[in-house]
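Below: the structure, in structure tokens.
Protein chains: 2
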Amino acid sequence: MTIREICEKYGLTADTLRYYERIGVIPTVNRTKGGIRNYTEEDVKWVENAVCMRSAGVPMEKLIEYVKLCQEGDSTFQARRDLLAEVREEVQEQLDRYKTTMERLNYKISRYDEAIKTGVLSWDSEGCK
Amino acid sequence: MTIREICEKYGLTADTLRYYERIGVIPTVNRTKGGIRNYTEEDVKWVENAVCMRSAGVPMEKLIEYVKLCQEGDSTFQARRDLLAEVREEVQEQLDRYKTTMERLNYKISRYDEAIKTGVLSWDSEGCK
DNA sequence: ATAATGCCTGGAGTTTACTCCAAGTCAAGA
DNA sequence: TCTTGACTTGGAGTAAACTCCAGGCATTAT
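Protein sequence lines correspond, in order, to chains A and B.
Numbering of the first sequence is given in my numbering, commencing with residue -3 and proceeding in unit increments.
Numbering of the second sequence is given in my numbering, commencing with residue -3 and proceeding in unit increments.
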């Protein structure tokens, strides 16, 4: 597959895809004789992985580390698992923060809905901003 | 309360707190005769709001806009509600992405746990990276 | 009285993750 | 053959959100 197809599939720009490859967030993609990138199914999976992890704010650093471990072969299963567990921990913490913020937003919006009806903005106990 | 106390309470640096005030993510804090910031309960609530929203990736832009609307008085209830609803939409989308990533991580980690036991890394159907 | 400590302002510098660009190559169509 | 258009590389530029610093005032401790 061409870089264009991958871009469209994942909503990335060609620059971003090349950048990901350059810094090692995905492994090197093979080229045609002409020097043009030709993405295999394997490459696509790597792109998908990068997109998914990045969408949850996993830093490039971690992705690069993971790719490196994968390239070192089967002896790195434990290291990869540890890395993923560490990432999971951070994603979970972030997820919890998002939930807390959602609750706050829901509460505030409900207070504003009330205020729009009654003309008065009021908060339970402590108040809010 | 002093800037130091607020820093400790929310795990921010004094530079960050001053920066927030400077760009309008929180309203201007009153000073002592000596010119030193003296945070009221009200100010603290604004800081808490900023910290909570920022922790879910809400851009400064939105927070500044919200603070401005609040300062314009009761005529902006609807505008504030709309702004919060827009923010909620984005936070929800991000939350969903985090959930998807968590699932992927859980799956991968379970596969690695298996691999560590058996010595062989295998994926259901499509495979993964 | 003086030294230390803490806070002040305005502005410059840093980090992360892209994003853009110039100059060049290559394959396909007129 | 010549042009067009997509792709290449290496490197410079950008945006968002801090983070650091110099030079200066003010309160507190000795």
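C-beta: ideal position from N, C-alpha, C; glycine also.
Quantities reported herein were computed from a predicted structural model and do not represent experimental measurements.
Euclidean distance between Cα positions of residue i and residue j
i, j, result
"Tyr108 of chain B", "Arg84 of chain B", "36 Å"
"Glu57 of chain B", "Thr24 of chain A", "38 Å"
"Lys125 of chain B", "Glu61 of chain A", "13 Å"
"Thr97 of chain B", "Met49 of chain A", "6 Å"
"Val21 of chain A", "Val54 of chain A", "11 Å"
"Leu80 of chain A", "Glu99 of chain B", "12 Å"
"Leu101 of chain B", "Asp78 of chain A", "11 Å"
"Ile2 of chain B", "Leu8 of chain B", "8 Å"
"Tyr35 of chain B", "Val63 of chain B", "17 Å"
"Thr12 of chain A", "Arg27 of chain A", "17 Å"
"Ser121 of chain B", "Thr114 of chain A", "57 Å"
"Ile112 of chain B", "Gln90 of chain B", "32 Å"
"Glu4 of chain B", "Glu110 of chain A", "35 Å"
"Glu68 of chain B", "Glu68 of chain A", "60 Å"
"Gly153 of chain B", "Lys29 of chain A", "The requested residue 153 of chain B does not occur in the structure, where chain B is confined to residues -3 to 125."
"Asp70 of chain A", "Arg93 of chain B", "30 Å"
"Ile19 of chain A", "Glu37 of chain B", "47 Å"
"Lys95 of chain A", "Lys95 of chain B", "11 Å"
"Glu82 of chain B", "Glu82 of chain A", "32 Å"
Counted within 10 angstroms of its Cβ, other Cβ atoms place residue i as buried (16 or more) or exposed
i, result
"Lys104 of chain B", "buried"
"Tyr185 of chain A", "Absent from the structure is residue 185 of chain A, since the part of chain A shown begins at -3 and ends at 125."
"Val116 of chain B", "exposed"
"Asp39 of chain A", "buried"
"Ala10 of chain B", "exposed"
"Trp42 of chain A", "buried"
Sequence-distant residues of its chain with Cβ nearer than 8 Å to residue i (five each side left out)
i, result
"Glu44 of chain B", "Tyr6"
"Thr72 of chain A", "Leu65 and Cys66"
"Trp119 of chain A", "Arg107"
"Ala75 of chain A", "Leu65"
"Thr(-2) of chain A", "Ile32, Arg33, Asn34 and Tyr35"
"Arg0 of chain A", "Ala10"
Contacting residues, own chain, Cβ-Cβ under 6 Å from residue i (five flanking each side not counted)
i, result
"Ala52 of chain A", "Val87"
Residues near residue i in its chain [Cβ-Cβ closer than 7 Å; skip 5 each side]
i, result
"Glu17 of chain B", "Thr24 and Val25"
"Ala46 of chain B", "Tyr16, Val21, Ile22 and Leu59"
Taking beta-carbon pairs under 8 Å, can you tell me which members of the segment 100 to 115 of chain B lie near chain A? Arg100, Leu101, Asn102, Lys104, Ile105, Tyr108, Asp109, Ala111, Ile112 and Gly115
Taking beta-carbon pairs under 9 Å, can you tell me which members of the segment 88 to 100 of chain A lie near chain B? Gln88, Gln90, Leu91, Arg93, Tyr94, Lys95, Thr96, Thr97, Met98 and Arg100
Using a Cβ-Cβ cut-off of less than 8 Å, list which residues of the segment 55 to 80 of chain B approach chain A; keep chain order. Cys66, Asp70, Phe73, Gln74, Arg76, Arg77 and Leu80
Members of the segment 18 to 43 of chain B that neighbour chain A once the beta carbon cut-off is set at 7 Å: Lys41 and Trp42
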